[in-house]
Structures are given as structure tokens and as C-alpha cells.
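Participant:
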Amino acid sequence: MPLTQPDISREIAQEHEAYISSGAVRHHPSRGYAPYRSTVLRHPRQPLAVVQDPEAVELSGPAFGITDVTALDADLTRQHPGEPLGERITVTGRVLDRSGRPVRGQLVEIWQANASGRYAHQGDQHPAPLDPHFTGAGRCLTDDQGRYSFTTVKPGAYPWRNHANAWRPAHIHFSLFGTAFTQRLVTQMYFPGDPLFAYDPILQSVTDDEARERLVARYEHELSCPEQSLGYRWDIVLDGPAATWIEEGR
Amino acid sequence: MTLLPTPSQTVGPFYGYALPFPGGPEIAPAGHPGTLTVHGRVVDGAGEPVPDAVLEFWQPAPDGSRTGAPGSMRRDQVTGGHLGRDGVTFTGFGRAATDADGRWAVRTLPPGGVPYLSVCVFARGLLHHLYTRIYLPGDSTGSDPLLASLDPDRRRTLVAAETAPRTYRFDIRLQGAEETVFLDFR
Ligand SMILES: [Fe+3]
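Residue numbers (the working numbering), protein chains in the order written: chain A, 5 to 254; chain B, 91 to 276.
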């Protein structure tokens, strides 16, 4: 018999209680988080090997530049001859390191479902319509203040097969680079007030309440374009060490 | 440190039309005589292939430079499509998605000054990426501080096997008896 939402919600509550009573602070999800069933066979059981080497290659990282993006890459509504369906939105914010320094000139990549909650991917079997005018992939480079900005449509919620009647809240996938490979981040941005938050084991895998809040964008009326689009702001803070010598260079 | 980090989330199953790019695994300039092939599989705790993982590679240039270079994913200014690498510049960065059997392969140049390629693993079902290193067998692995700090049984999982001249095999086991050593940078 397939697992039901009450089964999964009970597990989510247990994981949350265990986190609170541990007294620890954990910003990232635990890789073994049973309510998200696909983690069970896909997380290491051995402790990670600690690397404390100022010469580690991973304290530097790849560079991207004007050859790697075109102006249209940041506007997901203009990548096809016709207009995509859905609510136009701007998503913007800054990419910072943990010291608050802007991450400049680095690559931000996003991907998302269309307004109906369907990905332009043949593995997506959700019987919602594909949109011939929307692919849902974008990229840009951060500016000198670490800012990124995308124009897109608000993605729809979609079902998945973690358990019976599992639905993902609307989200945009983000991929970010810092100055160091150790700062790499792939994550998901959510929309404020989504009623599906409590049911979703992927969002709830972040068991720290404040950390989970940091995955939710803020609606910002000033970011709307009149008679065109609504605006959301989402700042991103990259974790992980970088080489101190890079601070001067970038 | 003052700001709190944005938490990680899984790359999910549908990154395939956004992250992989043509020429992503071709880190070596086209036709370079020093090219090495590094290949392997990603498998889960049951030994089953992971067909929806994406691997990223980062390494110094053969001269030891770690600054990297733009141009890994050059875009066509006319069509907006992928133009591919320029065939000349060594950017130090590669990206390869696994196939339906969990297999991947990259072609690159030997890293300068260190005996390893750095790897970052993303997958559906992996809520936070994992780092590892592919050590190329040779004399310089003997003095490597990370390898020296590991039990011999665990150390083996980080060293690629030379299966043919200039061809190395490296499997990534996310869990289980021969689980790959994954890294935490402090
Ligand atoms: Fe998704």
C-alpha cells in the first residue's frame, strides 16, 4: 500500500522534533532524510573526510564571462517566437558570501516548470499542458554588487511520486557558483504563503525553521512593472570557505 | 562570518534541459595530444545505477594555474544556443550528466601541481551535493595529505584505475560497502 500524506507528515513532524531536541543548529538538510524517500539509498553513511588544507584546489573555482551568456538568457519569456502563458514575474536579489561580500561576475542558472506545473522534460509525466513558448531555463552573471535578475512566469505546483497525493509547492531551481568550488550551491526558491509548504518533504528537509524561511522569496511591490509583472526578491548566501588570496583578486 | 547560509536543496530529476551543455565533458582543448579520458559510473547503496546525477569537475591547468577561464559554455549570439568551447582555452571546468546506466566520461588534461581532479556530485535524492576527488595513480599520490589521512580501505575509493593508456576508471558509490570517500572543507 502506498504511503499516504498523513504517514509522511508524521515522519516530517518526528524529524522536526528530533532536530529541535538535539539542540544543534543545522542550516542544510541532512542527506539522509527518510520522508524524502529517494534519499534512503543515495546518501553516504560514512562520515565525510575533513580537509583543512589552505592549498586545496577547491578553494579556487571556475570562472564565467560574457561569452557564456547572452542578454536573452535572463528573460525566460522571450526565448520563443510566441508569448508563454502565465503570470509574469521578476525574480531578483544578491548573491553574497557569509561575510556579506558580493559574489561578482559569477554564473547563476535557473530552471523551472511552466505556469501549469509541467517541465519541458520527457521524464515529466504530469498530464498538465506543455507550453510551446516556454522552456524554463535561464542564466545570467551577477553584477558588481552581486545582483542577479530574471524575468519569467510563475511556475505551477506539480505532483510527484514520493507518496500518494504528493505535490511540490511552486519553486524555481537555482544553481550558483562562488569564488571557490567549496561555495557551490544548488537549491530551490519558493513563493511566500504557499499552502503546500507543510506537506513537502523536500522543503521540510531543512528542519531549522529560520533556515527554511531563507528559501522563501519576499513579495516586493516596488519590483513590479506596472501592467506587466509582479516582483519577488530573494537574496542568496553561499556557504563554505574560499582561499584568502582570492579576496584581493576578485 | 555574519550572514547565515541559504540551505541546499536537491537538483531534482528535471535539470537535464538546463544544466548539461554540449561540450561540458570536453575539458581538454579539441584534439590535444595530452588528453586523458576519465570515466566511470555513479551507483546507489543497492549497487543500482544513478541515471539522474550530474557531476562537475574543477582542476588546475597543466601549468598549475587555478584562475580558470571563461568559455566553458559559450553562447551563440545569433541563435542564443550553445556554441561550444573555443577549442583553444583550457577553462578547468567540466560538467557531465550520467546516462541511463549511470555512466559518465570526461576528457581533460593532467592537473598541474596536484594529482587530483575535484568533483562535485548532484543527484535527485541528494539534498546537499557531495565533494570528492579523483586521484590519478602515480608517484605524487604517495605524499598527498588527504590520502595519507585515510585508512587504506577507504583511500582506495579515491584513486582511479588506469584501464588503458591515458584512460582512467573512477566509480562513485554514494552508499554501501565500498562507499566513496566524500569531503568536508573547513
Ligand atoms: Fe522541481
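Note that beta-carbon positions come from the ideal geometry of N, C-alpha and C, so glycine has one too.
This one's a predicted model, so the numbers in the text were calculated from it and none came from an experiment.
Please work out which residues of its chain come closer than 7 angstroms, Cβ to Cβ, to Phe-212(B), disregarding the five sequence neighbours upstream and downstream, and give them in chain order.
Facilitator: As a position in the second sequence, residue 212(B) is number 122, starting the count at 1. Closer than 7 angstroms at Cβ, skipping near neighbours: Val-101, Ala-143, Val-144 and His-219.
Participant: Does ligand 1 have even one heavy atom less than 7 angstroms from the beta-carbon of Phe-104(B)?
Facilitator: Along the second sequence, one-based indexing puts residue 104(B) at 14. Correct: Phe-104(B) has its Cβ closer than 7 angstroms to ligand 1.
Participant: Give me the Cα-Cα distance between Ile-117(B) and Ser-155(B), rounded to the nearest whole angstrom.
Facilitator: Sequence index remark: in the second sequence, residue 117(B) carries index 27 (1-based). Sequence index remark: in the second sequence, residue 155(B) carries index 65 (1-based). If you take the alpha carbons of Ile-117(B) and Ser-155(B), they lie about 15 angstroms apart.
Participant: With DSSP run on the structure shown, which of helix, strand or coil describes Val-176(A)?
Facilitator: Counted from its first residue, the first sequence places residue 176(A) at position 172. In the sequence under discussion, the amino acid at residue 176(A) is Ile, which differs from the Val named in the question. The answer is strand: DSSP assigns Ile-176(A) an E or B state.
Participant: Can you give me, in chain order, the residues of the stretch 112–124 of chain A that have a beta carbon less than 7 angstroms from any beta carbon in chain B?
Facilitator: Glu-113, Trp-115, Tyr-123 and Ala-124
Participant: Quick check on the DSSP output: the alpha helix (DSSP H) that includes His-20(A) runs from which residue to which?
Facilitator: Indexing the first sequence from 1 puts residue 20(A) at position 16. First-last of the alpha helix (DSSP H) with His-20(A): 9–26.
Participant: Using 8 angstroms as the threshold, is the C-beta distance between Phe-260(B) and Glu-62(A) below it?
Facilitator: If you number the second sequence from 1, residue 260(B) lands on position 170. If you number the first sequence from 1, residue 62(A) lands on position 58. For Phe-260(B) and Glu-62(A), no; Cβs fall outside 8 angstroms.
Participant: Would you mind giving the Cβ-Cβ distance between Thr-188(B) and Pro-141(B), rounded to the nearest angstrom? I have them listed as a contact below 8 angstroms.
Facilitator: For the purposes of this step, residue 188(B) is taken as residue 98 along the second sequence, with counting starting at 1. For the purposes of this step, residue 141(B) is taken as residue 51 along the second sequence, with counting starting at 1. That belief holds up - the Cβ atoms of Thr-188(B) and Pro-141(B) are roughly 6 angstroms apart, short of 8 angstroms.
Participant: Beta carbon of Ala-117(A): closer than 7 angstroms to some heavy atom of ligand 1?
Facilitator: For the purposes of this step, residue 117(A) is taken as residue 113 along the first sequence, with counting starting at 1. Indeed, a heavy atom of ligand 1 lies less than 7 angstroms from the Cβ.
Participant: Check Glu-217(A) in the structure and name its three-state DSSP category.
Facilitator: The sequence position of residue 217(A) within the first sequence is 213, counting from 1. Three-state DSSP puts Glu-217(A) in a helix.
Participant: Would you mind giving the Cβ-Cβ distance between Gln-118(A) and Gly-160(A), rounded to the nearest angstrom? I have them listed as a contact below 8 angstroms.
Facilitator: Numbered from 1 along the first sequence, position 114 holds the residue referred to as residue 118(A). Numbered from 1 along the first sequence, position 156 holds the residue referred to as residue 160(A). The amino acid at residue 118(A) is misidentified as Gln; the sequence shows Asn. About 7 angstroms; that satisfies the 8 angstroms criterion.
Participant: From the beta carbon of Thr-74(A), is the nearest beta carbon of chain B less than 8 angstroms away?
Facilitator: Working through the first sequence from its first residue, we reach residue 74(A) at position 70. With 8 angstroms as the cut-off, Thr-74(A) counts as an interface residue toward chain B.
Participant: Please list, in chain order, the residues of the stretch 181–211 of chain B that have any C-beta partner in chain A closer than 8 angstroms.
Facilitator: Thr-181, Gly-182, Phe-183, Pro-201, Val-204, Tyr-206, Ser-208 and Cys-210
Participant: Would you check if the distance between the CB atom of Gly-127(A) and the CB atom of Phe-104(B) is smaller than 8 angstroms?
Facilitator: Residue numbering aside, residue 127(A) sits at position 123 when the first sequence is read from its first letter. Residue numbering aside, residue 104(B) sits at position 14 when the second sequence is read from its first letter. Yes, they are a contact pair.
Participant: Any idea what DSSP makes of His-130(A), helix, strand or coil?
Facilitator: Here residue 130(A) refers to the residue found at position 126 when the first sequence is read from its first residue. DSSP, read as helix, strand or coil, puts His-130(A) in coil.
Participant: Please check if any C-beta of chain A sits within less than 8 angstroms of the C-beta of Gly-232(B).
Facilitator: Indexing the second sequence from 1 puts residue 232(B) at position 142. Interface residue (Cβ-Cβ distance to chain A less than 8 angstroms): Gly-232(B) is not classified as such.
Participant: What is the residue span of the alpha helix (DSSP H) that Gly-235(B) lies within?
Facilitator: As a position in the second sequence, residue 235(B) is number 145, starting the count at 1. One point to set straight first is that residue 235(B) is Pro, not Gly, in the sequence displayed. Where Pro-235(B) is concerned, the enclosing alpha helix (DSSP H) stretches over 235–238.
Participant: What whole-angstrom Cβ distance do Val-99(A) and Cys-144(A) have, given they're in contact under 8 angstroms?
Facilitator: As a first step, residue 99(A) must be located in the first sequence, where it is residue number 95. As a first step, residue 144(A) must be located in the first sequence, where it is residue number 140. Val-99(A) to Cys-144(A), Cβ: 11 angstroms. No contact.
Participant: For Glu-252(A) and chain B, any beta-carbon pair shorter than 8 angstroms?
Facilitator: The residue you call residue 252(A) lines up with position 248 of the first sequence. Below a pLDDT of 50, predicted positions are generally treated as unreliable, and Glu-252(A), at 43, falls in that range; no measurement from the model is reported.
Participant: Ordered along the chain, which non-local residues of its own chain (more than five positions away) have a Cβ less than 6 angstroms from that of Trp-238(A)?
Facilitator: Within the first sequence, the letter at position 234 stands for residue 238(A). Counting only Cβ-Cβ distances below 6 angstroms, and skipping sequence neighbours, we find Gly-97, Met-193 and Ala-221.
Participant: Indicate whether Pro-163(A) and Asp-204(A) have their beta-carbon atoms separated by less than 8 angstroms.
Facilitator: Within the first sequence, numbered from 1, the residue matching residue 163(A) stands at position 159. Within the first sequence, numbered from 1, the residue matching residue 204(A) stands at position 200. No.
Participant: Can you find a heavy atom of ligand 1 that lies under 7 angstroms from the Cβ of Arg-172(A)?
Facilitator: Reading the first sequence from its first residue, position 168 is the one you call residue 172(A). Answer for Arg-172(A): yes, Cβ within range of ligand 1.
Participant: Give the residues of chain A in contact with Leu-64(B), contact being defined as C-beta atoms less than 7 angstroms apart.
Facilitator: Nothing can be reported for residue 64(B): it is not among the residues displayed for chain B, which extend from 91 to 276.
Participant: Can we say the stretch 154–169 of chain B touches the stretch 228–237 of chain B, given the rule of at least three CB pairs closer than 8 angstroms?
Facilitator: no
Participant: As a quick exercise: from Asp-213(A), Arg-30(A), Arg-82(A) and His-47(A), pick the residue whose alpha carbon is nearest that of Phe-138(A).
Facilitator: If you number the first sequence from 1, residue 138(A) lands on position 134. Out of Asp-213(A), Arg-30(A), Arg-82(A) and His-47(A), Arg-82(A) has the C-alpha closest to the C-alpha of Phe-138(A).
Participant: Apart from the five residues on each side of it in sequence, which residues of its chain come closer than 7 angstroms, Cβ to Cβ, to Arg-41(A)?
Facilitator: What you label residue 41(A) is simply residue 37 of the first sequence in a count that begins at 1. In its chain, beyond the 5 residues on either side, Asn-166 have a beta carbon closer than 7 angstroms to the beta carbon of Arg-41(A).
Participant: Does any heavy atom of ligand 1 sit closer than 7 angstroms to the C-beta of His-177(A)?
Facilitator: Counted from its first residue, the first sequence places residue 177(A) at position 173. Because some heavy atom of ligand 1 lies under 7 angstroms away, the Cβ of His-177(A) counts as near it: yes.
Participant: Return helix, strand or coil for Gly-130(B), following the three-state DSSP convention.
Facilitator: Locating residue 130(B) in the second sequence gives position 40, counting from the first residue. Strand.
Participant: Run the CB neighbour count on Phe-15(A), radius 10 Å, all protein chains shown included, and call it buried at 16 or more, exposed below.
Facilitator: What you label residue 15(A) is simply residue 11 of the first sequence in a count that begins at 1. A quick correction: the sequence has Glu, not Phe, at residue 15(A). That one is buried.
Participant: Do Phe-185(A) and Leu-111(A) count as a contact pair if the criterion is CB distance below 8 angstroms?
Facilitator: Here residue 111(A) corresponds to residue number 107 of the first sequence, with the count starting at 1. Here residue 185(A) corresponds to residue number 181 of the first sequence, with the count starting at 1. The answer is no: Cβ separation not under 8 angstroms.
Participant: In whole angstroms, give me the CA-to-CA distance for Pro-95(B) and Cys-210(B).
Facilitator: Along the second sequence, read from residue 1 onward, the residue named residue 95(B) stands at position 5. Along the second sequence, read from residue 1 onward, the residue named residue 210(B) stands at position 120. Taking the straight line from one Cα to the other gives about 19 angstroms.
Participant: Does the beta carbon of Leu-273(B) come closer than 8 angstroms to any beta carbon on chain A?
Facilitator: Start at 1 with the first residue of the second sequence, and residue 273(B) comes out as number 183. A Cβ of chain A is located within less than 8 angstroms of the beta carbon of Leu-273(B).
Participant: What residue from Arg-245(B), Glu-146(B), Ile-262(B) and Met-163(B) has the CA that sits closest to Gly-137(B)'s CA?
Facilitator: Position 47 of the second sequence, counting from 1, holds the residue named residue 137(B). Checked all of Arg-245(B), Glu-146(B), Ile-262(B) and Met-163(B); the closest Cα to Gly-137(B) is Ile-262(B).
Participant: On a Cα-Cα basis, can you pick out the residue from Asp-135(A), Phe-178(A), Val-54(A) and Val-210(A) that is closest to Ala-17(A)?
Facilitator: Here residue 17(A) corresponds to residue number 13 of the first sequence, with the count starting at 1. Comparing C-alpha distances from Ala-17(A) to each of Asp-135(A), Phe-178(A), Val-54(A) and Val-210(A) shows the shortest one belongs to Val-210(A).
Participant: Pick from Arg-164(B), Val-128(B) and Thr-179(B): whose alpha carbon is nearest that of Ala-151(B)?
Facilitator: Reading the second sequence from its first residue, position 61 is the one you call residue 151(B). Ranking the options by Cα distance to Ala-151(B), first place goes to Thr-179(B).
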